[in-house]
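**Q**
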Amino acid sequence: MPLVKTLPLDDVILTEDESTAVYRYDSGVVSFADLQIARGERGLKTGAVTISSSFLSPSPSHLSLDIVVVFVIIIMAGSSTSYYFVIIGTKDNPLYEAEFGSFKQGGDGIAKFREEQRHMNQFIAHSSLDCIEDQQWASKEMYLKTVDKFNNTWVSCFLTGGNIKFLLVHDTRSDEPIRQFFTDVYDLYCKTLMNPFYEVNMAIRSQTFDQKIKAAAKKYL
Amino acid sequence: MSSTSRARLGEEVWKLRTDKINAELVTLTYGSVVAQLCKDLDGDYVEVNKQLDKMGYNIGLRLIEDFLAKSNMQQKCANFRDTADVISKVGFKMFLNITPTIANWSSDNKQFSLLFDENPLADFVELPDDGKAQSELWYSNMLCGVIRGALEMVQMSVDAHFVSDVLRGNDTTEMRINLIRYIEDEMPQDDE
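Residue numbers (our numbering), protein chains in the order written: chain A, 1 to 221; chain B, 222 to 413.
1. Give me the Cβ distance between B:L428 and B:L388, rounded to the nearest whole Å; I'm assuming they're in contact under 8 Å.
2. If you draw a straight line from the C-alpha of B:M315 to the C-alpha of B:E233, how long is it?
3. If you follow the beta strand (DSSP E) that A:A98 is in, where does it begin and where does it stop?
4. So, does the CB of B:E347 fall closer than 8 Å to a CB anywhere in chain A?
5. Nearest by alpha-carbon distance to B:Q376: which of B:A299, B:C298, B:I404 and B:I319 is it?
6. For B:V379, which residues does DSSP report across the bridge?
7. Can you tell me where the alpha helix (DSSP H) holding A:Y143 begins and where it ends?
8. At a CB distance below 9 Å, what residues from the stretch 233-257 of chain B approach chain A? Give them in sequence order.
9. Buried or exposed for A:S127, please, with buried defined as at least 16 other CB atoms from any protein chain shown within 10 angstroms of its CB.
10. Taking 8 Å as the threshold (beta carbon to beta carbon), is B:D350 in contact with chain A?
11. Classify A:L159 as helix, strand or coil using the three-state DSSP reduction.
12. Determine the closest residue to A:D134 out of A:F123, A:T172, A:D148 and A:A98, with distance taken between C-alpha atoms.
13. Looking only at its own chain, which residues have a Cβ that is under 7 Å from the Cβ of B:G312, when we skip the five neighbours before and after it?
14. Tell me whether A:N201 is buried or exposed, calling it buried when 16 or more other Cβ atoms sit within 10 Å of its Cβ.
15. Within the same chain, show all residues whose beta-carbon is closer than 6 Å to that of A:A217, passing over the 5 residues directly before and after it, in chain order.
16. From the DSSP output, which residues share a beta bridge with B:E395?
17. Would you call A:C190 buried or exposed, if buried means 16 or more other Cβ atoms sit within 10 Å of its Cβ?
18. Helix, strand or coil for A:V185, going by three-state DSSP, please let me know.
19. Under 8 Å, with one C-beta from each stretch per pair, do the stretch 279-299 of chain B and the stretch 379-395 of chain B reach the 3-pair mark?
20. For the putative contact between B:G277 and B:L342, defined by C-beta atoms under 8 Å, what is the C-beta separation to the nearest angstrom?
21. Assess, as a yes-or-no matter, whether the stretch 138-155 of chain A is touched by the stretch 166-175 of chain A under the definition of 3 or more beta carbon pairs within less than 8 Å.
22. Could you tell me which residues DSSP puts in a beta bridge with B:A324?
23. Which residues share a DSSP beta bridge with A:I88?
24. For A:K191 and chain B, any beta-carbon pair shorter than 8 Å?
25. DSSP three-state call for A:V72: helix, strand or coil?
26. Using the DSSP secondary-structure output, state which residues sit across from A:S82 in a beta bridge.
27. Is there a Cβ of chain B sitting closer than 8 Å to that of A:T160, yes or no?
28. Can you name the start and end residues of the alpha helix (DSSP H) that B:V311 belongs to?
29. Taking the Cβ atom as the reference point for each residue, do B:Y266 and B:L358 lie within a distance shorter than 8 Å?
30. A:T153 by DSSP, collapsed to three states: which one?
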């Protein structure tokens, strides 16, 4: 008699290629390989795996196990790749922010953050500023890669010579596309700075800038 | 002198007899002049246009001499159409390395437009979105003054103004130049 158990988002983490789900429980961690993931409505993902009880040792206390256990995993919309991008000025003031989702793997480019996650992103970005301060002198590169991690979200940072920070809050790790994205953003930012009517630390309200940032996101992320 | 040989002359002066300067330096310098004027005059863009035109006029008065010296133009332009051709193919070419298109001649051959496909002064520029600049400020207005000043020194009184600008969201950047009259050598009255 197989047991069907639905696990909430926080308990199950997908790996980057979405082939394996990792389930953490009180006395251990178990990975489910060969996960079949079907994309449901509104970015919901469901997957089912069959594992034998021998994999779960010691068995999770809150799951009664038979010989075969079937899990149905529902991964909430929040875990399809979404990005929160913000430019921070020299006085730790935000200059520009945007949210976008991935266009890769059939994504529609719309950020799928849950409502409570959206303002969390701002806190996560803000709290990473201290980490950046610690790390900025350790590297010669402007691209500092991931500087901070909070639960399932990473923060990548690009620090310009003028101490302007580009921060990207994301839920999958991929250094190279993000580096390319940041390089494009740096180019756009330089052009904005060349506008005689723009001054350092002024909020960027230009619609052209906004469109170009989103085009760069579409290209690389 | 034919139109193509003027183009060649412009090219030659630009290549051989012009000291080059970094384009971004020019853009930034001009940009900070305009931005500072806007600040000093408290966003009175009509007045900013006037000041830019005045500055340009003073530049034009001097620049024409440099132009004549470098281009070595011996003969006088036969008519205003020739003048337009020289302004575009030699003048703009040698100072800004652009050749604005001449268009929209009026039937009396006294008015024409210069269409700027590119404008090195306005690279990177976006007008402030205060609701006024988009409809009042002519960002490159100094160019009008330069042409007015330069032509005045060679006995042509003209009116030059912009009628559209890509910075304002128009499709083209167009400057209208209107010949008012040729200035004859005027003798002071009672000069016996």
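Yeah, the Cβ is synthetic: ideal placement off N, Cα and C, and Gly gets one too. The model shown is predicted, which means the values in this text are computed figures rather than measured ones.
**A** Put simply:
1. The structure shown has nothing for residue 428 of chain B, since chain B only spans 222 to 413.
2. 9 Å
3. P94 to G101
4. For B:E347, the answer is yes, since a Cβ of chain A falls inside 8 Å of its Cβ.
5. B:I404
6. B:V379 pairs with B:L400.
7. It is not in any alpha helix (DSSP H) - A:Y143 instead sits in the beta strand (DSSP E) that spans Y143 to F150.
8. Of all residues in the stretch 233-257 of chain B, E245, T248, L249, Y251, G252, S253, V254, V255, A256 and Q257 have a Cβ within less than 9 Å of some Cβ in chain A.
9. exposed
10. yes
11. strand
12. The alpha carbon of A:D134 has as its nearest neighbour, out of A:F123, A:T172, A:D148 and A:A98, the alpha carbon of A:D148.
13. F288
14. By the neighbour-count rule (16 or more Cβ atoms within 10 Å), A:N201 is not buried but exposed.
15. Closer than 6 Å at the Cβ level, and outside the excluded window around A:A217, lie F100.
16. B:L336 and B:S385
17. Taking every protein chain shown into account, the CB of A:C190 has fewer than 16 other CB atoms within 10 angstroms, so this residue is exposed.
18. helix
19. no
20. Incorrect: roughly 11 Å between the Cβ atoms, too far for contact.
21. yes
22. B:S334
23. In the DSSP output, where bridge partners are listed per residue, A:I88 has A:P94 and A:K165.
24. yes
25. Unreliable placement is indicated for A:V72, whose pLDDT of 44 sits below 50; the coordinate value is still reported in the next sentence. Looking at A:V72 - three-state DSSP - the assignment turns out to be strand.
26. A:G101
27. no
28. No alpha helix (DSSP H) holds B:V311; DSSP gives it neither H nor E.
29. With a cutoff of 8 Å on beta-carbon distance, B:Y266 and B:L358 are scored as near each other.
30. Correct three-state label for A:T153: strand.
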